[in-house]
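S.K.: First the structure, then my questions, so here it is.
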Amino acid sequence: MTDLLSFRPDIIREVHSGSAPVVAKSLGIAERLYRLGFVRKGLILAVLALAWEAYGRWLGNPLLFPTFGETVQAFLANIANGIIPERMLVSLQTLLIGYAIGIGLAALLTTLAIGSRIGADLLETLTSMFNPLPAIALLPLALIWFGLGTGSIIFVLVHSVLWAIALNTHAGFRAVSNTLRMVGLNYGLRNLRLVRLILIPAAFPAILTGLKVGWAFAWRTLIAAELVFGVSSGSGGLGWFIYENRNQLETANVFAGLFTVILIGLFVENVIFAAIERRTIRRWGMQH
1 MTDLLSFRPD IIREVHSGSA PVVAKSLGIA ERLYRLGFVR KGLILAVLAL
51 AWEAYGRWLG NPLLFPTFGE TVQAFLANIA NGIIPERMLV SLQTLLIGYA
101 IGIGLAALLT TLAIGSRIGA DLLETLTSMF NPLPAIALLP LALIWFGLGT
151 GSIIFVLVHS VLWAIALNTH AGFRAVSNTL RMVGLNYGLR NLRLVRLILI
201 PAAFPAILTG LKVGWAFAWR TLIAAELVFG VSSGSGGLGW FIYENRNQLE
251 TANVFAGLFT VILIGLFVEN VIFAAIERRT IRRWGMQH
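Note that the UniProt record's numbering gives residue 234 to position 234 of the sequence shown, counting from 1, and the numbers run on in steps of one.
Have a look at this one:
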C-alpha cells in the first residue's frame with residue numbers, strides 16, 4: 001500500500017492567466033472624466049448652449065430670440081463697459097442683506113420652536129399663513145411702509161427667505177433621533193454644546209437644503225422686485241438692466257442680463273454651496 005502511494009503520479013493543473021478573474025481594472029481617460037461631476041455638468045451646459053444656438057439660427061429673428069453667440073457678445077460688451085458688473089454688485093449687495101436678515105430671523109423662530117411647544121405652534125402657524133403668500137404680492141405694502149428704494153426690496157427678500165429656511169431647519173432638528181440626543185447627554189453635553197456638537201451636524205443636511213431653497217427664492221424675488229422698482233425709481237440692479245433693455249428692444253442685452261443671473265446661480269450652487277457641503281455634510285458622513 002505504501003509503495004502504491006509513493007509512486008502515485010502528481011496531478012498538476014495549469015492555470016491559464018486568461019481565465020483568472022480581474023481584480024482591478026484601470027479606467028480609461030473617457031471613463032475617468034465621466035466620473036467627474038463638473039465634467040458631466042459641463043457637457044449638459046454645452047448641449048443646452050448648442051440647442052440655444054441652433055434654435056436661434058433656425059428662427060432667424062434676433063429681435064425675438066438672439067442666438068447664444070449674440071448673447072455672449074452682448075454679455076462681454078456689457079462686461080467691458082462696466083454696466084453688468086455695476087448692476088450685479090447692486091443686486092448682490094441687496095440680496096446678501098436680505099438673505100442675512102432672513103437667516104437670523106429663521107434661526108430665532110427655530111430656536112423658539114425647539115425650546116417650547118408654544119414656539120413650535122407659533123412657527124407652524126406663521127408658516128402656514130405667510131409661506132404660501134408670494135413675496136412679490138407684498139410689493140404694494142412695501143411701497144407704502146418703506147417707500148421706494150432698498151428698504152422695500154429687502155423687506156420682500158426677508159419674506160421669501162425666512163419661511164423656507166425656518167421650515168427646513170425645524171424639520172431637520174425634529175428628525176434627529178433620540179439615540180443621538182442620549183449619546184450626547186451621556187457624554188455630558190448640555191444646552192449649547194449639545195446643539196453645536198450633536199443637533200446641528202445631524203440636522204445640517206436639512207438646514208443646507210433650506211439655505212439653498214431660500215437663496216433661490218431670494219434671487220428670483222430680487223430680480224422681480226427690481227423690475228418693479230426700476231420702473232418706479234429709475235434705478236436698480238440686474239432686474240432694472242433687463243427691464244431697461246426690454247423697453248429699448250435690445251433683446252440681446254436682455255438675454256445677457258438673464259445669462260448673468262444664470263451664471264451667478266450656477267456659481268453659488270456649484271461652488272459656494274458645494275464647498276459648504278464638502279466641509280460639513282460629507283466630512284461628517286451625513287450624506288445619503
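C-beta: ideal position from N, C-alpha, C; glycine also.
Being a predicted model, the structure only gives us computed values, none of them experimental.
Could you give the C-beta distance for residue 257 and residue 227, rounded to a whole number, given that I count them as a contact under 8 Å?
M.R.: As a working mapping, residue 257 is identified with position 257 in the sequence shown. As a working mapping, residue 227 is identified with position 227 in the sequence shown. 11 Å between Cβ atoms; not a contact.
S.K.: So for residue 250, helix, strand or coil by DSSP?
M.R.: The residue labelled residue 250 in the question sits at position 250 within the sequence shown. Three-state result, residue 250: coil.
S.K.: What is the DSSP secondary structure of residue 150, counted as helix, strand or coil?
M.R.: Position 150 of the sequence shown, counted from the first residue, corresponds to residue 150. Three-state DSSP puts residue 150 in a helix.
S.K.: Considering only residues of the same chain and omitting the five flanking positions on each side of residue 185, which have a CB-CB separation below 6 Å?
M.R.: For the purposes of this step, residue 185 is identified with residue 185 of the sequence shown, where counting begins at 1. Nothing listed; no residue qualifies.
S.K.: Leaving out five residues before and five after residue 218 in sequence, what residues of the same chain have Cβ atoms less than 8 Å from its Cβ?
M.R.: Indexing the sequence shown from 1 puts residue 218 at position 218. Around residue 218: 95, 98, 99, 102, 157, 160, 161.
S.K.: Taking the runs of the alpha helix (DSSP H) that are 4 residues or longer, which of them lie wholly in the region 35–101?
M.R.: With a minimum length of 4 residues, the continuous alpha helix (DSSP H) runs that stay inside the region 35–101 are 37–59, 68–80.
S.K.: So residue 277 is in the alpha helix (DSSP H); what residue range does that whole segment cover?
M.R.: On the sequence shown, residue 277 is found 277 positions in, with the first residue counted as 1. Start and end: 273–277.
S.K.: Per DSSP, what kind of secondary structure is residue 133 in: helix, strand or coil?
M.R.: Taking the first residue of the sequence shown as position 1, residue 133 is located at position 133. Coil.
S.K.: Work out the CA separation of residue 174 and residue 224 for me, nearest whole Å.
M.R.: Start at 1 with the first residue of the sequence shown, and residue 224 comes out as number 224. Start at 1 with the first residue of the sequence shown, and residue 174 comes out as number 174. The straight-line gap from Cα to Cα measures roughly 34 Å.
S.K.: Under three-state DSSP, which class holds residue 269?
M.R.: Here residue 269 corresponds to residue number 269 of the sequence shown, with the count starting at 1. Three-state result, residue 269: helix.
S.K.: Distance check for residue 113 and residue 90, CA to CA, integer angstroms please.
M.R.: In the sequence shown, residue 90 corresponds to position 90, counting from 1. In the sequence shown, residue 113 corresponds to position 113, counting from 1. Answer to the nearest angstrom: the Cα atoms are 35 Å apart.
S.K.: Candidates 132, 135, 110: which alpha carbon is nearest residue 123's?
M.R.: Numbered from its first residue, the sequence shown carries residue 123 at position 123. Of the listed residues, the one whose Cα sits closest to residue 123 is 110.
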